[in-house]
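**Q**
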Amino acid sequence: MLFLIVIILWGFFGAITGGGFLSSRNISNLFRQMSITGILSIGMSFVIITANIDLSVGSMLGLLGGIAGILLRTGLNSTLTIIITLIFGFIIGAINGFWVAYRKVPAFIVTLAGLLAYRGVVLYITKGQTLAVNNSNFNFIGNGNIPPLAAWGLLLIFICCYSLLKIRKIIKNKNLQERKTQIINLILTIAISFLFVFWMNGYRGIPLPVIVMLVITFIASYVSDNTVYGRIVYSIGGNAEACKYSGINIKKYIFLVFTVNGIIAAFAGIINTARLASAVPSTGLNSELDAIAACVIGGISLSGGTGAILGALLGSLIIASLNNGMSIIGLDSSWQNIIKGIVLLLAVWMDIATKNKSN
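Under UniProt numbering, the letters of the sequence shown match residues 1 to 359, in that order.
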């Protein structure tokens with residue numbers, strides 16, 4: 001369904017722009033732009049799956065990007081800057097997780113406080129000014145591309161790893177109908193991957209931020225589908241009371257979910273500062289809303305317990321496609337917000353309607 005929506009959107013904007021929207025250059029820029037929302041939505045997915053929310057990720061994005069910029073301006077090298085920024089992401093995420101998990105303060109209140117406080121901190125440490133970052137190695141993270149030949153090599157590695165994982169599941173599955181569906185999904189995934197790399201290679205190769213986003217998505221998807229941690233996270237969102245009586249340490253897992261979300265926000269902050277070649281205090285305003293919208297549009301239920309990481313990524317792609325397409329055709333920003341608001345409302349309504357029907 002989500003792929004169909006993407007195809008319809010791309011076909012619509014492609015027709016209106018005379019094919020300009022579908023050019024390799026524009027699609028490459030679209031994916032580079034969506035990488036920030038995509039990364040944030042991955043961390044947000046786990047939070048929402050546990051039936052919580054994080055309103056502070058936009059401010060975390062700005063703060064952590066600001067920290068990276070300040071560290072670079074002091075003469076610190078790129079590697080140490082990235083490590084220290086990730087540590088700060090861990091600390092900030094842990095602060096949110098501590099108050100939600102161990103002090104029983106509702107996530108809405110904790111992260112709303114974080115939204116205000118973290119934004120205040122970034123304004124204070126940057127003195128409200130944009131800080132230019134003149135480090136070519138660091139800025140390459142946000143503006144560099146994987147060359148076409150290397151992109152094909154990465155695709156081959158991905159197909160081998162992904163196919164091995166899926167074939168093992170297919171062999172173990174005794175249901176013939178499900179096996180057919182799994183085989184079709186595997187073939188479609190490989191075909192879409194080939195098309196994606198072909199499209200990206202039409203303009204300088206795959207953007208590096210997109211590679212980072214896809215790697216984080218792959219790891220998060222594997223964790224959610226194939227590990228005890230992932231199963232427990234879904235269980236907590238589905239029925240926290242049952243988990244409690246089963247002896248699961250719910251507090252620990254809620255704490256971990258928010259902590260990981262902070263680390264993922266740090267990755268987004270690093271990429272954003274590198275892409276802009278500067279730390280901008282206003283960066284991340286309303287980014288939390290885009291991340292939440294991406295999750296909801298991608299089928300992750302706000303009531304918790306259901307949804308897939310890949311769905312959140314596709315939700316991010318839908319939002320990025322809307323933003324990019326509406327900007328290309330020159331639609332006024334006020335109408336852009338109205339349309340995105342309507343799309344979000346319809347997505348939530350469909351989520352509620354589907355849940356009520358299943359109940």
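The beta-carbon is built from N, C-alpha and C at its ideal position, and this holds for glycine as well. Small disclaimer: the values here were computed from a predicted structure and weren't measured.
Verify whether the separation of the beta carbon atoms of S41 and G298 is less than 9 Å.
**A** By one-based count along the sequence shown, residue 41 stands at place 41. By one-based count along the sequence shown, residue 298 stands at place 298. Closer than 9 Å, so yes.
**Q** Let me know the secondary structure DSSP gives N239 once reduced to three states.
**A** Here the question's residue 239 lines up with position 239 in the sequence shown. Coil.
**Q** Starting from S278, follow its DSSP beta bridges and name the residues at the other end.
**A** Locating residue 278 in the sequence shown gives position 278, counting from the first residue. Note: S278 sits in a beta bridge opposite A132.
**Q** So if DSSP puts N139 in a beta bridge, which residue, or which two residues, is it bridged to?
**A** Numbered from 1 along the sequence shown, position 139 holds the residue referred to as residue 139. According to DSSP, which records beta bridges pairwise, N139 is partnered with nothing at all.
**Q** If you reduce the DSSP assignment to three classes, tell me which class I263 lands in.
**A** Within the sequence shown, residue 263 is the residue found at index 263, counting from 1. Looking at I263 - three-state DSSP - the assignment turns out to be helix.
**Q** N145 bridges to which residues according to DSSP?
**A** The residue you call residue 145 lines up with position 145 of the sequence shown. N145 is bridged to P207.
**Q** Mark S327 as exposed unless 16 or more other C-beta atoms lie within 10 angstroms of its C-beta, in which case mark it buried.
**A** The residue you call residue 327 lines up with position 327 of the sequence shown. With fewer than 16 Cβ atoms within 10 Å of its Cβ, S327 is classed as exposed.
**Q** Which residue marks the beginning of the alpha helix (DSSP H) containing Y102, and which one marks its end?
**A** Within the sequence shown, numbered from 1, the residue matching residue 102 stands at position 102. Unbroken run through Y102: none, as it is neither H nor E.
**Q** For the segment 45–111, which segments carrying the alpha helix (DSSP H) assignment without a break, of at least 4 residues, lie completely within its bounds, in sequence order?
**A** Runs found: 57–73 and 78–101.
**Q** By the three-class DSSP mapping on this structure, what secondary structure does T227 have?
**A** Position 227 of the sequence shown, counted from the start, is the residue given in the question as residue 227. Correct three-state label for T227: coil.
**Q** With a CB to CB cut of under 7 Å and the five nearest residues on each side skipped, what residues in its chain are close to A320?
**A** For the purposes of this step, residue 320 is taken as the residue at position 320 of the sequence shown. The answer, listed in chain order, is L30, Q33, M34 and T37.
**Q** Measure the C-alpha to C-alpha separation of G153 and F194 and round it to an integer number of angstroms.
**A** Looking up residue 153 in the sequence shown gives position 153. Looking up residue 194 in the sequence shown gives position 194. Near 11 Å, if we compare the C-alpha coordinates of F194 and G153.
**Q** Take the Cβ of A101 as the centre, count every other Cβ of all protein chains shown within 10 Å, and call the residue buried at 16 or more, exposed below.
**A** Here residue 101 refers to the residue found at position 101 of the sequence shown. Buried.
**Q** Any contact of the segment 346–353 with the segment 286–301, i.e. 3+ C-beta pairs under 8 Å?
**A** Yes, since at least three Cβ pairs between the segment 346–353 and the segment 286–301 fall closer than 8 Å, the two stretches touch.
**Q** Exposed or buried, residue 362, counting other C-beta atoms within 10 Å across all chains shown (16 or more means buried)?
**A** The structure shown does not extend to residue 362, since the chain is modelled only from 1 through 359, so no value can be given for it.
**Q** Taking the Cβ atom as the reference point for each residue, do F138 and A274 lie within a distance shorter than 9 Å?
**A** Indexing the sequence shown from 1 puts residue 138 at position 138. Indexing the sequence shown from 1 puts residue 274 at position 274. Result yes, Cβ atoms of F138 and A274 sit closer than 9 Å.
**Q** Which stretch, first to last residue, makes up the alpha helix (DSSP H) that contains I329?
**A** Translated into positions along the sequence shown, residue 329 becomes position 329. Note, I329: premise wrong, no alpha helix (DSSP H); not H, not E.
**Q** Within the chosen definition, does the segment 84–97 reach the segment 149–165 through at least 3 CB pairs nearer than 8 Å?
**A** The answer is no - the segment 149–165 does not touch the segment 84–97, with fewer than three Cβ pairs under 8 Å.
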